[in-house]
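In my numbering, the protein residues as written are 28 to 309.
Here's the structure, in structure tokens; my notes come after.
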Ligand SMILES: [Zn+2]
């Protein structure tokens, strides 16, 4: 029998999204890269997604979205969970915070990702703040004493957003997701109710193709346009991380802001958590 040292054990990534497609949308590339390295990935939606459609709401939509989340996770072999908080009605309560503390302590992640508390969607804001509030208390034995407290704080990070008030997203980490772009698209494609129905309706897009091949093309084009529109805000970080020569080659990215309110990784730990990114010189 061999016992793995801590540095050899597969890393554990926990992505906490407010809705069943948030993890895939903002961190699906990282999740796919982690899985390709044999690491453990768990994608959680705090809410049940019951409000994410213009024609069907409530339990019928919840059932559909649970199946979609399962299909998306199966694309990369990730664990997943759709919680039962109500979509569009998520509040940063003591109960939510303690549920998060128990969930994080039980999974024992190396890296936790969620939303920033600054965001357009109230559920993202509530969850982002609840995750920040939960972080320190993970190590406090008197809080949720029924689940053993953590003796080692994970690294926490926020998934990219484009909002600048009260403060813009600061990309600590930018990863090139071109090698897993198709996997990410396949995950998003699994969320049919969102990417081919609700979001196009909500965004006022024209009719969506029905045929599977055309849908893939439509999604690919849409996501590439999104990547192009957000890239200018990441340009200086890409230059810093990849160097001026490589900068233009790194087009399809995901970015994360490492939290100051949990374990702040040194250069070696950052490299271990994000081995797909060049090791930083500081
Ligand atoms: Zn969301």
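Glycine included, each C-beta is placed from N, C-alpha and C at the ideal position.
Remark: the C-beta of residue 44 is in contact range of ligand 1, defined as less than 8 Å to any heavy atom. Scanning the region 90 to 136 for uninterrupted alpha helix (DSSP H) segments of 4 residues or longer gives 121 to 134, listed from N- to C-terminal end. The distance from the Cβ of residue 294 to that of residue 137 is about 16 Å, inconsistent with a contact at the 8 Å cut-off. Counted as a single uninterrupted DSSP element, the alpha helix (DSSP H) harbouring residue 56 occupies residues 49 to 63.
Contact check for residue 109 and residue 217: beta-carbon distance about 13 Å, past the 8 Å limit, so the pair fails to qualify.
Placement of the Cβ of residue 275 at a distance of 8 Å or more from every heavy atom of ligand 1 is found. Counting other Cβ atoms within 10 Å of its Cβ, residue 275 stays below 16 and is therefore classed as exposed.
In the DSSP assignment, residue 74 falls within the beta strand (DSSP E) that extends over 67 to 74. Between the alpha carbons of residue 212 and residue 243 lies a distance of about 8 Å. Note that the C-beta distance between residue 71 and residue 44 is below 9 Å. In this structure, the CA atom of residue 258 is about 14 Å from the CA atom of residue 269.
Assignment of beta-bridge partners to residue 231 by DSSP yields no partner.
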